Amino acid sequence: MSERRPDLRTWIAGVVFLGLAGFIGYKLPSSDTSKSAEPAIARPVASNAAENPTSAFVPPGDDKIPNNEFGDAVRLGEKIFHDTQGNAREFVGNSLQCANCHLDSGRLASAAPLWAAYVAYPAYRSKNEHVNTFEERLQGCFLYSMNGKAPAANDKVMVALESYAYFLAKGAVIGADLPGRGYPKLAHPAKLDYAHGQQVYAAKCGLCHGADGQGQSAADGSVVFPPLWGPRSFNWGAGMSSITNAAGFISANMPFSQGNTLTDTEAWDVASYMDSQERPQDPRFDGSVAETRKLHHDSPMDMYGQTVNGVVLGQNSPAAGPQP
Amino acid sequence: MPPNVLCIFVLLISTPIHAVTAYAADGGQIAANGNGRGAPACSACHGAHGEGQPDVANPRLAGLDSEYLIAQLNAFAEGSRDNEAMSPIAKALTPDERQAVAKFYAGSVPPKIEESHKADDKTIASGAALANRGDWSKGLPGCGQCHGPAGQGVGKTFPALAGQSAEYIMRQLKAWKDGKRTNDPLHLMTGISSKLSDDQIAAVAAYYASLPLAVRAAAKPLGSTP
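Note that the protein sequences, when read in sequence, are chains A and B.
Oh and the first sequence: position 94 is 749 in the working numbering, straight run, nothing missing.
Oh and the second sequence: position 176 is 186 in the working numbering, straight run, nothing missing.
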């Protein structure tokens with residue numbers, strides 16, 4: 656017979672140790688000029704919209720969605736955004752939702768808001784070395800962040816998402832680099848500390864995302880806390896696999912409901928811990944991890960192809976894209 | 011098989027089980043009758059099957075995660091949930107008894123008790139908006155983003171809210187706000203409640219009370235088919 660007495664201290668210590676926190680997403684860098692593996696350059700700390708709410712553009716509320724065919728497309732776009740699994744399933748290969756990284760269904764400043772992205776395209780992106788339309792940018796989200804497949808430009812899903820983004824951007828200046836766009840750019844760290852990141856993860860992230868980073872779902876299978884790595888998370892081509900992007904997102908938004916409470920060092924280190932885990936293969940993988948790193952991940956802020964705990968990341972990745 | 015052989019057989023296989031249960035606390039027994047050492051019957055306030063008495067803010071316990079329930083009893087005992095009624099009761103229960111009674115209620119599935127006072131539709135609708143979308147102008151996520159989209163609860167940390175007593179939910183949010191409940195991991199609810207207005211608290215409580223009970227199960231790791 657096993658000793659079953661739950662010890663109070665053990666329990667509390669367990670909760671504290673598991674720690675909490677939020678999501679972490681996987682959104683491609685909003686900056687069109689950045690590769691997913693962008694060079695690590697020291698940047699000033701960007702203003703954070705949560706701290707300076709007046710500086711951020713305010714998108715129109717749902718009550719402004721017109722009651723006509725266009726309004727229907729906007730509403731569908733918002734539904735897809737909020738519940739991508741339920742409304743765009745054929746293009747999704749993991750357990751994530753758009754709204755995991757674009758908080759408040761794409762409205763929240765410093766959480767890669769749609770309104771800021773919409774007015775920034777078409778734009779040249781070094782990620783694929785050509786001028787991208789907004790449609791192509793959305794397709795990239797499905798291919799990388801959702802580890803899925805890109806809907807055709809005229810697909811209902813694309814039309815709805817573009818309508819929703821257009822609606823949210825109403826009144827914003829085209830071509831403006833709006834405050835709150837993308838994620839804040841944190842000042843470059845002196846170093847990245849995996850072990851410290853692991854401690855931060857255990858203390859502040861594991862409560863929601865699980866000690867193993869695989870997220871948590873409710874009884875009916877609906878994913879409540881998204882997986883941060885592993886086969887059901889974003890793939891190696893996603894912007895969130897760049898430590899720079901992840902640190903900015905985490906700093907502004909995590910633990911969930913407690914944004915801007917981590918130190919920059921904590922945000923950098925926990926981002927590097929998360930992005931030092933295995934995840935689905937980069938869809939651009941050409942058979943060689945080293946070659947793929949050279950072409951698409953050549954940055955100290957990108958762990959793809961680097962050796963962590965004796966294993967080359969990318970070497971044992973699950974295949975990219977939806978799996979049968 | 012002759013009856014006497016069958017009897018011996020049954021006796022043989024059942025003996026170890028009896029030996030185990032004789033030492034373990036009986037959750038159903040404690041719920042119905044108390045433990046005889048200071049903890050009265052839980053059923054007196056929480057209903058025979060843990061259905062609660064929603065009108066007087068005695069929460070539904072049935073179907074809540076057992077580890078969550080144990081954690082709450084521990085919190086009452088050590089004071090991080092300040093409650094005059096529950097503190098002495100929790101203290102009177104041994105760790106074994108807390109576990110047994112938590113497991114009993116976690117596995118109980120009585121129907122929902124409807125509250126006599128029903129909130130108006132407008133209040134419920136504004137509660138629904140807050141629960142499902144949040145109020146990001148205040149940095150508030152939707153409640154469902156942690157407690158599950160149907161308020162079904164997630165794992166051992168985020169209890170089910172669907173079908174819970176409105177008065178109870180309201181009192182808990184106020185207890186966090188007033189610092190009388192401090193056992194929330196990472197102080198998530200302390201932060202959330204501090205941003206909620208009284209109207210928002212009433213609305214979200216009314217919304218969750220209005221929902222049907224959700225099927226509860228422990229959080230599971232994400233599989234290949236979510």
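Virtual Cβ for every residue (Gly too), placed ideally from N, Cα, C.
Since the structure is predicted, the reported quantities are computational estimates derived from the model, not experimental observations.
Beta-carbon gap between residue i and residue j smaller than 7 Å
i	j	result
A/Leu-968	A/Tyr-959	yes
B/Gly-37	B/Ala-110	yes
A/Gln-913	B/Gly-201	yes
A/Met-956	A/Thr-899	yes
B/Pro-69	B/Ser-175	yes
B/Gly-163	B/Pro-169	yes
A/Asn-749	A/Ser-888	yes
B/Tyr-78	B/Lys-205	no
B/His-56	B/Leu-71	yes
A/Leu-841	A/Ala-902	yes
B/Ala-49	B/Ala-102	yes
A/Phe-1036	A/Val-729	Only positions 656 to 979 of chain A appear in this structure, which leaves residue 1036 of chain A out of reach.
B/Ala-213	B/Gly-158	no
A/Ala-827	A/Ala-764	no
A/Ala-778	A/Gln-794	no
B/Glu-107	B/Asn-45	yes
B/Ala-215	B/Thr-133	no
B/Lys-113	B/Ser-147	no
A/Gly-747	A/Met-801	What sits at residue 747 of chain A in the sequence shown is Val, not Gly. Contact: yes.
Spatial distance of residue i from residue j (CA atoms)
i	j	result
A/Ala-820	A/Arg-762	9 Å
A/Thr-962	A/Tyr-849	12 Å
A/Pro-768	A/Ala-866	29 Å
A/Leu-833	A/Ala-771	6 Å
B/Ser-220	B/Gly-154	15 Å
A/His-757	A/Ala-766	5 Å
B/Gln-82	A/Phe-797	42 Å
A/Pro-973	B/Ala-85	43 Å
A/Asp-924	A/Asp-759	26 Å
A/Glu-791	A/Phe-736	17 Å
B/Leu-254	B/Cys-156	Lying outside 11 to 236, the shown extent of chain B, residue 254 of chain B is not represented and no answer is given.
B/Thr-192	B/Gly-89	9 Å
A/Ser-931	A/Thr-739	26 Å
A/Glu-786	A/Pro-882	According to the sequence provided, residue 786 of chain A is Val. The question's Glu does not apply to it. Taking the straight line from one Cα to the other gives about 32 Å.
B/Asp-208	B/Arg-91	21 Å
A/Glu-745	B/Arg-181	44 Å
B/Tyr-115	A/Gly-803	42 Å
B/Asp-194	B/Tyr-218	19 Å
B/Ile-40	B/Cys-52	7 Å
B/Gly-152	A/Cys-753	16 Å
B/Ala-141	A/Asp-810	32 Å
A/Phe-880	A/Gly-861	10 Å
A/Ala-907	B/Ala-35	47 Å
A/Met-929	B/Ile-179	35 Å
A/Pro-910	A/Thr-916	8 Å
A/Lys-690	A/Ser-954	Confidence in A/Lys-690 is poor, its pLDDT being 38 and thus under 50, which makes the residue's placement too unreliable to answer from.
A/Ala-975	A/Pro-715	37 Å
B/Pro-105	B/Ala-87	11 Å
A/Glu-733	A/Phe-940	32 Å
A/His-843	A/Asp-919	9 Å
A/Ser-818	A/Asp-875	31 Å
B/Glu-177	B/Gly-149	25 Å
Cβ distance (whole Å) where residue i is taken to contact residue j below 8 Å
i	j	result
A/Asp-937	A/Asn-890	6 Å
A/Ala-824	A/Tyr-773	4 Å
B/Leu-223	B/Ala-172	6 Å
B/His-59	B/Ser-118	5 Å
A/Cys-863	A/Gln-853	Going by Cβ atoms, the distance from A/Cys-863 to A/Gln-853 rounds to 16 Å, so no, they are not a contact pair.
A/Trp-884	A/Glu-933	7 Å
A/Leu-847	A/Ser-896	The Cβ separation is near 14 Å, so there is no contact.
A/Phe-904	A/Tyr-799	Not really, about 15 Å apart at Cβ, beyond 8 Å.
A/Pro-886	A/Pro-935	6 Å
Check: residue i C-beta below 6 Å from any heavy atom of the ligand NAP
i	result
B/Ser-207	The model depicted lacks the ligand NAP and carries no ligand whatsoever.
Unbroken stretches of the alpha helix (DSSP H), 4 residues or longer, contained in the stretch 807-866 of chain A: Taking only runs of at least 4 residues, the alpha helix (DSSP H) segments lying wholly in the stretch 807-866 of chain A are 811-823, 849-859, 861-864.
Contained beta strand (DSSP E) runs [length at least 3] in the stretch 717-756 of chain A, N- to C-terminal order: If we require 3 residues or more, the stretch 717-756 of chain A turns out to have no beta strand (DSSP E) run fully inside it.
Meets three-Cβ-pair contact criterion under 8 Å: the stretch 126-133 of chain B and the stretch 878-895 of chain A: No, they do not touch.
Within the stretch 903-958 of chain A, ranges of the alpha helix (DSSP H) (whole runs, at least 4 residues): As far as the stretch 903-958 of chain A is concerned, its whole alpha helix (DSSP H) runs of at least 4 residues are 919-929, 944-951.
Contact between the stretch 724-733 of chain A and the stretch 848-864 of chain A (3+ Cβ pairs under 8 Å): For the pair of segments examined, the stretch 724-733 of chain A was found not to touch the stretch 848-864 of chain A: the number of CB pairs separated by less than 8 Å stays below three.
contact_flag[the stretch 114-127 of chain B, the stretch 54-73 of chain B] where n(CB pairs < 8 Å) is 3 or more: Counting C-beta pairs with one atom in each stretch, the stretch 114-127 of chain B and the stretch 54-73 of chain B have three or more that are closer than 8 Å, which means they touch.
Length at least 3, wholly inside the stretch 756-797 of chain A: the beta strand (DSSP E) runs in chain order: Annotation note: the stretch 756-797 of chain A contains the following uninterrupted beta strand (DSSP E) runs of length 3 or greater, listed N- to C-terminal: 778-780, 785-787.
Inside the stretch 72-133 of chain B only - alpha helix (DSSP H) runs reaching at least 4 residues: Listed in chain order, the complete alpha helix (DSSP H) runs (minimum 4 residues) inside the stretch 72-133 of chain B are 76-88, 96-102, 105-116.
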